[in-house]
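These notes are about the structure you will find just below.
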Amino acid sequence: MTAPTASPGRARQSLLLAAVPLLALDQATKVIAVGTLEGGAGVRLLGDVLRLDLTRNSGAAFSFGAGGATWAFTVLAAGVVAGFIWYAPTLTGQRSRLAAALLVSGASGNLLDRLLRSPGPGRGHVVDFIHIRNFPIFNCADMCITAAACLFILVALRPAARFAPHRGEGST
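Those letters in the sequence shown? Residues 71 to 242, per the numbering used here, in order.
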């Protein structure tokens, strides 16, 4: 007997219930970072290894496409968020659903920056502030996106479940 599946509406609701707190955390930390780090020299947390330094990124990861492609990243992020919410009912397994929630929250966090922050709607720059030495500055949304990618890879690499015969099956 198979377990009953959730309705499409319930699956989407579950995805959003998992994603919204992470989105709220991302937006709250960005508001705090802008409020406390604007115009400052940054804050050292672990010497030069971990710092809080405010920057605004018009591009994607590693400032890819900075300058002219901000609108394209806005459209892409909106498509990713909408796509994962739409296909939420097809996701099987807790790990896949968790990865989707992480991806939706991270993409939504950076999408909100692009929609609501300066220099204007669809062209806004993403607020980044976590700086680990020898690594690009990032934010909580970026951490969610990275965790989602790693989790999706782990799910994809996991070998298919093997079913062993139950006792008494297969014997004559």
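Ideal Cβ positions, reconstructed from N, Cα and C, are used throughout, including at glycine.
Close-in-space but distant-in-sequence residues of the same chain around residue i (CB under 7 Å, 5 per side omitted)
| i | result |
| --- | --- |
| D118 | R203 |
| A170 | L85, F154, A158 and L161 |
CA-to-CA distance, residue j to residue i, given in whole angstroms
| i | j | result |
| --- | --- | --- |
| A89 | G179 | 10 Å |
| S188 | G194 | 5 Å |
| L185 | W156 | 21 Å |
| S166 | R228 | 12 Å |
| A158 | M213 | 21 Å |
| A111 | P78 | 48 Å |
| S241 | P91 | Only weak support is given to the placement of S241: the predicted model assigns it a pLDDT of 47, under 50, and the value that follows is read from those uncertain coordinates. The straight-line gap from Cα to Cα measures roughly 53 Å. |
| S175 | I215 | 8 Å |
| Q164 | F205 | 31 Å |
| T99 | R80 | 29 Å |
Residues near residue i in its chain [Cβ-Cβ closer than 6 Å; skip 5 each side]
| i | result |
| --- | --- |
| D96 | G179, C210 and A211 |
| T125 | D198 and I207 |
| A177 | A147, V150 and V151 |
| L87 | none |
| R114 | R121 |
| V196 | N127, N180 and D183 |
| F222 | A169 |
| R82 | I155 and A158 |
Proximity to residue i [Cα-Cα], best of the options
| i | options | result |
| --- | --- | --- |
| P191 | V101, L87 and T140 | T140 |
| L181 | G149, I223, G110 and A217 | G149 |
| T162 | V225, N127, L107 and H201 | V225 |
| T218 | V196, I200, F205 and L168 | For the sequence presented, residue 218 should be read as Ala rather than Thr. Among V196, I200, F205 and L168, the Cα nearest to that of A218 belongs to L168. |
| R121 | L85, S175, A94 and H201 | H201 |
| D123 | T99, A142 and A103 | A103 |
| L93 | L221, L173, F143 and C220 | L173 |
Three-way DSSP call (helix, strand, coil) for residue i in this model
| i | result |
| --- | --- |
| I200 | strand |
| A212 | The identity of residue 212 in the sequence shown is Asp, whereas the question assumes Ala. Helix at D212. |
| R80 | helix |
| T162 | coil |
| V90 | helix |
| R193 | coil |
| I223 | helix |
| R228 | coil |
| R114 | strand |
| R184 | helix |
| I102 | helix |
| G109 | coil |
Range covered by the alpha helix (DSSP H) that runs through residue i
| i | result |
| --- | --- |
| V145 | T140 to W156 |
Range of the contiguous beta strand (DSSP E) that encloses residue i
| i | result |
| --- | --- |
| D123 | L120 to N127 |
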